[in-house]
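When we follow numbering that gives the first Met the number 0, the leftmost residue of the sequence shown carries the number 0, and every step to the right adds one.
Ideal placement from N, C-alpha and C gives every residue a C-beta, glycine not left out.
Please read the structure below before turning to the comments.
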Amino acid sequence: MSFPEPSGSALVTRRAPLPGDAKSPALARALARDVVEECGLASLSDEVALLTTELATNAVVHAGTAMHIEVIGDAESITVRVTDGSRAVLGPSLPPPMLAEGGRGLHLVDSLASEWGVAYGRQGKSVWFRLDVDDPVVTRAGSGALIPVDEPPRTEPLPDDEPLPEPADSRWGLRREGRKVRGRRGASIAAGGVAIRPQTPPEPPRRSTPGRSTIAVPAAEAASWLTYLTDRVVHELDAHELAQEIVYRVCEVTGAPFGILWADEGSGVAAIAAVGLPDAAIDSPARLWPDDPPRPRSADLLPPTGALADAGAGVALSVALPSSPPIRGRLELGMPSGRLFRPADSVFALLAAERLAVSLDAARLRDTEQTRRGDLAFLADASELLASSLDVDLTLALVAQLCVPRLGEWCVIHTLDDAGDPELVVSVHNDERGVPELEETFLAPEGAPLRERIRAATVTHAATPLTGPLSGLVLPLTARREVVGTMSIGDPPGRRHTSEEVAIAVDLARRAALSVDNARLYSERDSVAEALQSALLPASLPAAEGLEFAAQYRPAGASNEVGGDFYDVLPLGDERWLLAIGDVCGKGPQAASVTGMVRDVLRTLAREGRDLPYALSALNRALVEEASLARESGGPWTGQTVFCTVAAAVAERSEGGLLVRLCLAGHPLPIKMLANGGAEQVGAGGMAAGLTDHIEVEEVSIHLAPGDALVFYTDGVTERRRGDDQFGEERTVEVLAHCGGLPAADIAARLRTAATEFGDGPLRDDLAILVLRAAR
């Protein structure tokens, strides 16, 4: 765009690129001030500084891009142009509210400049103004015809018969229709390569609204400003702020001093935005419309609602928002008595209603999406937390804690006893002081309706509203088609549960029921495993004068798994005792069955007086036959070899201590400890029982003097690992060599501690230790 070159005086021109930051307005003022001083235009210095600041500030705040400023002056006028990289359409130059902190930029330019204009191009927009030294305060012009923007703005009107020249070397690219912006004294207003040539149309009617401009806003400009919102505005304002902005704009373009947006999202009518009303709380009507709602996309003159009537409105223009369910809305614009709406105001109100509906629907969708994401995250976290617990009581407590206050004010969990009657087990209240009263309400006679509802939920398998002294809902905890309990949740304070909250509660109840049932099954399996493991180990070790027995046992893996290691001590009478320790292949019920068989075979043959080699040979035959029968019948051991390692010994009193006859079937060698210190391995190794049809074992006799001890152990001790290193037999002997003189219980405990602390993780194999000591 070029600017006029006044005749008779030299032009002073300054140009500079400026950044899009807070420093630019000051730099722009300095540049304009230099031109004012060189041209001797001191009378215009304040106006130039003010308008230059406004244009540069607008470019920084609204465009957010770098800018370019050009200042041209002579002895008669000065022209300032600011170009930025934004193509956002500017709103009309209406005055802002009296107490507003911004929004006066273009209004000031429109009020003070002799001429001003806006040009739009492919890469941005340019806003300019001109101040003349001899410019009086004159009436604003209306709209005009179009002239090329590259033609300098003139102070004299063009002849009506002069053809409109095509732009030459237009800096803004395509020639197209543009918005009209008013200015003083024949404003030349550019938009996309064209400008407005001022004419003198009839003065349009004007309306005086307190605190608002008396300008007659062209309909196209007003509609554009009413409906166009920049992405920055949409993203920075929330739904209520955006609604407030739109209501304010429609009041501006219609001249209505009062405006209010009513909305009902299913929980009652509420004022979302208001203009011209006091800041005090606005009383909402009971219904959105006094009678049937108006026809879609129509504006009706109705009596104002109480809030507008109290503010001074005598008539109201009401429009229904074309929003999607469940949102229903009503835009209401109020005029004082004696003033009327124009026909065009209905169109503006309909446009505003459509824009408001779009904004509210978009906000609802965003809120719904955020809520659903939050619900999914809540359920995922709840599932992870519940899955981490395998204890029934802890799981029930976690379920109640998850519900409060996320889903309600309180939560009560009931489980079903053997007769199917509910039994209160957990209660949580948002206020801990309310827990005793909550429990009393459920247990007292007055709580009979609550208990009936709980029973009904266990029968219907569906969420059931609570009736009686408490409000809320009760949900059955159903897992694998079986009700394991109920979960009662109190309503949130001051309202009932929404449908979304009920859906989340139902989903949480389903997950909680599975977690509770899993914890119950795990607990039952744990109890079974504990009972089975206890049955495979002696309940207590015998006590005998002159002898000490001690044992340590640590199963590897979960507590509900039965280990494969075992030990046993059996009095045989006549001052004789059977000692046995072994390691059965595998874990779980199958290993437990083999362990039981091994203990029974050894006990039976020892009681019959059979010697140890015979007993171990008989055990070997029994294991081989068991594996053969399993293969033939397709039992649990099909395709597997059933074997175990065993160390068996018979101890009897002798002169000066104990005589121990020892036989080993593939088991680690026991260690003999001397009373005064030192230790060594004893016995003769052999083949594990169950691997072949026949095994050879050797019986070894060992004498234990008073204070000496014989220590049996399984490979869980020697194969305890720290990385690639094993605890091993040498460390075992070394540990026991320093335990001389200790009681049997201390010897077993020290060896167990040394082995477990050597490893760098949980036990990978069962660990069993059995100690026989000849007392001093």
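Counting C-beta pairs closer than 8 Å gives fewer than three between the region 722-738 and the region 531-538, which falls short of the contact rule. Residues of the same chain with a CB within less than 8 Å of the CB of V649, apart from the 5 flanking positions on each side, are L571, R575, W576, L577, L578, A605, L611, V659, R660 in chain order. A straight-line Cα-Cα distance of about 48 Å links P321 and R28. For L750, the enclosing alpha helix (DSSP H) starts and ends at 743-757. When C-beta atoms of the region 54-72 are compared with those of the region 109-129, three or more pairs fall below 8 Å, so the two segments count as touching.
Within the DSSP bridge table, the entry for C250 names no partner.
In this structure S387 is exposed. Its beta-carbon is surrounded by fewer than 16 other beta-carbon atoms within 10 angstroms. For the alpha helix (DSSP H) assignment, the uninterrupted runs of no fewer than 4 residues enclosed by the region 38-92 are, from N- to C-terminal side, 44-57. Straight through space, the alpha carbons of A362 and R432 are spaced by roughly 39 Å.
Of the residues E75, V47, A41, the one whose Cα lies closest to the Cα of A9 is E75. By the criterion of at least three beta-carbon pairs nearer than 8 Å, the region 730-747 is in contact with the region 700-720.
Look at L389 here: in three-state DSSP terms it is coil, with no helix or strand label.
Put simply, the backbone Cα of L30 is about 11 Å away from that of S23.
Each residue's CA atom was taken as its position, placing L769 and A379 some 48 Å apart. If the five residues before and after S514 are omitted, its C-beta is found closer than 6 Å to the C-beta atoms of L385, T394, all from its own chain and listed in chain order. Counting only runs of 3 or more residues that sit fully inside the region 421-489, the beta strand (DSSP E) segments are 421-428, 471-478, 481-489, in chain order. Closest in alpha carbon position to D564, among E547, C584, R338, is C584. Per DSSP, L228 lies in no beta strand (DSSP E) and is assigned neither H nor E. If you ignore the 5 residues before and after G265, its C-beta comes within less than 6 Å of the C-beta of P325, all in its own chain and listed in chain order. Per DSSP, P570 is not a residue of any alpha helix (DSSP H); the beta strand (DSSP E) it occupies stretches across 564-572. Under the three-state reduction of DSSP output, V561 falls in the coil class, being neither helix nor strand. A direct Cα-to-Cα measurement between A626 and V561 gives close to 20 Å. E235 is not bridged by DSSP to any residue.
Between the alpha carbons of D45 and W127 lies a gap of roughly 17 Å. When the Cα atoms are used, L300 and S336 turn out to be separated by approximately 13 Å. When DSSP states are grouped into helix, strand and coil, R652 belongs to the strand group.
When the Cα atoms are used, V314 and W288 turn out to be separated by approximately 15 Å. As the crow flies, the alpha-carbon of V398 is around 54 Å from that of G739. Listed as beta-bridge partners of K671 by DSSP are E679, L709. R553 has L766 as its beta-bridge partners, per DSSP. In the DSSP assignment, T717 falls within the unbroken alpha helix (DSSP H) covering 714-717.
When rounded, the separation of the alpha-carbon atoms in D360 and A462 is 30 Å. Distance from the Cα of S283 is smallest, within the candidate group L107, I259, C402, for I259. Just measuring C-alpha positions, the residue of D131, A674, D430, F441 sitting nearest E422 is F441. Boundaries for A502: no beta strand (DSSP E) harbours it, while the alpha helix (DSSP H) harbouring it runs 498-535, taken from the DSSP string. DSSP, reduced to helix, strand and coil, places G116 within a strand of the structure shown.
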